[in-house]
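Structure first, commentary second.
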Amino acid sequence: MHERRSPGAPSEDEVRDLVRRIVDATLAGNPAAMTRETPAAPAPAAPATGAPPASERVAIAIGADHGGSGLKDKIGEMLTATGFAVHDCGTHGSDPVDYPDVAHAVARLVADGTCRWGIILDGAGIGSCMVANKVPGIRAALCHDLSSARNSREHNHANVLTLGARFIGEGLAIEIVRAWLGTEWGPGRHAARVDKITEIERRYMKSPGEDRAR
359 MHERRSPGAP SEDEVRDLVR RIVDATLAGN PAAMTRETPA APAPAAPATG
409 APPASERVAI AIGADHGGSG LKDKIGEMLT ATGFAVHDCG THGSDPVDYP
459 DVAHAVARLV ADGTCRWGII LDGAGIGSCM VANKVPGIRA ALCHDLSSAR
509 NSREHNHANV LTLGARFIGE GLAIEIVRAW LGTEWGPGRH AARVDKITEI
559 ERRYMKSPGE DRAR
């Protein structure tokens with residue numbers, strides 16, 4: 359039996375949304391709270407600017423083709439102001455470039471451990487997601503709202519986020535990035551399923567010298 363709620367009282371969904379907004383607002387400006395996958399030792403006192411020392415900043419790779427370069431720059435500014443170390447893989451301007459090149463550059467920085475996470479933008483976000491997922495160790499997710507962003511982190515342990523610049527505005531894009539970074543990886547049953555993703559990936563990886571043997 360469902361409880362009857364008083365007229366004008368908030369619904370459960372409204373309460374959950376309010377809690378999420380409070381959490382997101384609390385996380386803003388605190389990268390340590392956004393990166394709770396690996397507990398970190400207390401950081402030394404920050405410089406007078408309020409930003410953590412460069413050696414303590416979590417690195418994020420960002421990149422976009424010509425269709426997403428403007429939005430990429432806005433996201434990069436937000437991340438830098440928040441205290442992340444941003445590795446900008448381009449492009450810088452509106453001259454046409456091929457999204458596979460940019461997506462590959464971002465994915466490689468995440469796969470080799472240079473950056474913890476990656477964010478890629480193109481017109482629809484689909485092509486960049488496909489490219490990034492070709493790089494071993496990458497779990498890229500195309501997200502279009504806060505729910506898909508949180509789900510990709512909690513359920514799928516996504517380490518690269520792709521966005522479609524033609525389909526979302528600046529405000530929503532930044533909120534998606536905040537939600538994505540602020541959502542913890544949920545282990546348990548999710549971990550076993552992500553392990554299966556990794557195992558499937560390994561089955562199709564070429565062994566050293568395989569091409570030469572053919």
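Just so you know, the sequence shown maps onto residues 359 to 572 in the numbering used here.
Backbone N, C-alpha and C define an ideal beta-carbon position, used for all residues, glycine too.
Under the DSSP assignment, ASP480 falls in the beta strand (DSSP E) whose first and last residues are 475-480.
The shortest C-alpha to C-alpha distance from GLU414 to any of SER427, ALA422, GLY441, GLY544 is the one to GLY441. Counting every other CB atom within 10 Å of its CB across the protein chains shown gives ILE418 a total of 16 or more, marking it as buried.
In the structure shown, THR556 falls within a helical segment according to DSSP collapsed to helix, strand and coil. Under DSSP, ILE418 shares a beta bridge with VAL444, TRP475. Check the Cα spacing between ILE534 and each of GLU557, PRO545, ASP553, SER510: the tightest is with SER510. In the DSSP assignment, ALA498 falls within the unbroken beta strand (DSSP E) covering 498-500.
Each of ASP423, THR472, GLY471, LEU437 was checked against the Cα of GLY451, and the nearest Cα belongs to ASP423. Pairing GLY434 with TYR457 gives a Cβ-Cβ distance that is not under 8 Å.
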